[in-house]
Amino acid sequence: MRSRWYELKEAAVGLRKRGLSIGKIERRLGIPRSTLSGWFKNIELSPPQKEKLQRDWKNALVKARKKASVWHSAQKQKRLEHAENEARQTLRNIEASNPSTLELALSLLYFGEGSKKNCETALGSSDPTILKFFLACMQNLYGLDPKRLRYELYLRADQSPQKIKMLWARELDVPSACFKQINIDKRTNGSKTYPHYHGVCNIRCGNVAIQRKLMYLSKLYCAQIIGNSMGT
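For the sequence shown, the numbering used here assigns the number 3 to the initial residue and increments by one for each residue that follows.
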């Protein structure tokens, strides 16, 4: 029994002898790949034709990867936008200006990132946003002037102390004189620092009472949520 594609066999074979790939012939004539493979099994391509097929395959692979990259980037952007919209919706349900809400948020941040050992309230980070939030809370909740707090820097060996100090001073909007100490990690000698990394800035406040309240608040809140989820 003849294949339903038999009338196209001559054209398909002609295209193959010209050096076209099976995939291109399949798309051009609409003939299944399995049928084409059977027709072409005894066709021997010349070295130039084989080289052309190899080049075409590589070019197609590059195009496919670029297309996939664009698609994945678009999908990722959609997921990011969805996450941002959900976050904005959650914020709309929260009274962010409420001092208790603000202090609870600060306590959870402090529970994870703040200093617990010394008799002080202190928090260090390489992220300016975290430190700006910390300063805003300290000012809005406890009336502390950011310019009266103590700032310390922890830098790598190849970083310029003066340059980084001025950068952090501008970022946090405090005088450079507030930076009382700069520590250099000598273990990083000979190791190159990434351009976007500006060390760790540590902000200290001698008021240990704030630390104690934040720690109790965060732990009690966590215990409350855990208890509610366990039905106790």
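Cβ coordinates follow ideal geometry from the N, Cα and C atoms, glycine included. Bear in mind that the values here come from a model prediction, so they are computed numbers and not experimental data.
In this chain, ARG172 is not harboured by any beta strand (DSSP E); it is covered by the alpha helix (DSSP H) spanning 163 to 174. Under the three-state reduction of DSSP, ARG6 is assigned to coil, being neither helix nor strand. Along the region 98 to 149, the alpha helix (DSSP H) occurs as fully enclosed runs of 4 or more residues at 101 to 115, 130 to 144, listed in sequence order. Counting of Cβ neighbours within 10 angstroms places ALA62 among the exposed residues, the total staying below 16. Around the beta carbon of GLU105, a 10 Å sphere encloses 16 or more other beta carbons of the protein chains shown; the residue is thus reported as buried. Here VAL72 is exposed. Its C-beta has fewer than 16 other C-beta atoms within 10 Å.
Between TYR153 and CYS121, the gap from beta carbon to beta carbon reaches 7 Å or more.
The C-alpha of HIS74 is placed about 10 Å away from the C-alpha of LYS68.
Taking 7 Å as the cut-off, the beta carbon of SER128 is found closer than this to the beta carbon of VAL202. Distance from the CA of SER178 to the CA of LYS118, rounded to the nearest whole angstrom, comes to 26 Å. By the 16-neighbour rule on beta-carbons within 10 angstroms, LEU82 is exposed. With fewer than 16 other Cβ atoms inside 10 Å of its own Cβ, SER48 counts as exposed.
Put simply, the backbone Cα of GLN161 is about 10 Å away from that of ASP187. The beta carbon of ILE24 lies closer than 8 Å to those of ARG18, ARG35, LEU38, SER39, PHE42 in the same chain, with the five residues before and after it left out.
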